[in-house]
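Notes follow the structure.
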Amino acid sequence: MTRSTFLAAALLGLAPAALPTAGLAQTAEGPVSYEEQLAQVEDQLVYQAPIAGVENDYWFNYQTDLAEARKELTKDLRRSSDAEDNRDAWDEYRAELADARGDYAKEMAEKGYPIGQVRVLAKNGR
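Quick note, the sequence shown lines up with residues -25 to -1, 1 to 101 if you use mature numbering (1 follows the signal peptide of the UniProt record, and there is no 0).
Laid out in C-alpha cells, this is it:
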C-alpha cells in the first residue's frame, strides 16, 4: 500500500493512523506533493459539527459529499500509475472538499443561520 493510499484509507477510517500534519514536506516514502499538502489543509477545514448546531438536509448532504469525495480519492489513488495521477487525485479531492464546504456554508447563510467569522485587527485598530 502506498503512502497516498494509506492516507486515503485513514481519511475513510479504514486504518487506525494519525494523519500527518500539513507542514510535512517529506516522509519515509519520499516528498509529499504540494497538492497533497493543500488537500490536508482543506481536510482540516471540514466542518466538524453543523453550523449553528442545526442538523438539517444541508448538513446531511454535506456529510454525503465528504464521504463521496473520500471514496473517490481512495479509488483514484488505487488506480494511479504515476506521480501526476496522484497529484491530480489529491487536487480533485481538495477541490471537492472546498466546494462542499462552500456550498454548505452558502445554503446555511441563505437560511439565516450565523456563520462564524474571525477578524484580526492590526495594532492601529484597522
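Glycine is no exception: its CB is placed at the ideal position from the N, C-alpha and C atoms.
If we ignore side chains and look at the alpha-carbon of each, how far apart do residue i and residue j end up?
{"i": "Tyr37", "j": "Glu59", "result": "28 Å"}
{"i": "Ile90", "j": "Leu52", "result": "34 Å"}
{"i": "Ser8", "j": "Gln15", "result": "11 Å"}
{"i": "Glu47", "j": "Ala70", "result": "12 Å"}
{"i": "Leu96", "j": "Ala80", "result": "24 Å"}
{"i": "Asp74", "j": "Ala24", "result": "17 Å"}
Using alpha carbons as the reference points, say which of the options lies closest to residue i.
{"i": "Gln19", "options": "Arg76, Lys46, Leu48 and Asp40", "result": "Arg76"}
{"i": "Leu41", "options": "Arg54, Ser55, Asp78 and Asp57", "result": "Asp78"}
{"i": "Tyr68", "options": "Asn99, Lys50, Gln23 and Lys98", "result": "Lys50"}
{"i": "Glu43", "options": "Leu72, Asn99, Tyr88 and Ile26", "result": "Leu72"}
{"i": "Arg45", "options": "Lys86, Glu17, Asp57 and Ala24", "result": "Glu17"}
{"i": "Thr39", "options": "Lys98, Leu13, Val21 and Ser56", "result": "Val21"}
Near residue i, which residues of its chain fall below 8 Å by C-beta distance, leaving aside the five closest residues on each side in sequence?
{"i": "Met83", "result": "Ile26, Ala27, Val29, Tyr33 and Ile90"}
Apart from the five residues on each side of it in sequence, which residues of its chain come closer than 7 Å, Cβ to Cβ, to residue i?
{"i": "Tyr88", "result": "Ile26, Ala27 and Val29"}
ask   = Should the region 60 to 68 be called in touch with the region 27 to 34, which here means at least 3 C-beta pairs below 8 Å?
value = no
inquiry  = Please give me, in chain order, every unbroken run of the beta strand (DSSP E) with length at least 3 that falls completely inside the region 51 to 94.
reply    = none
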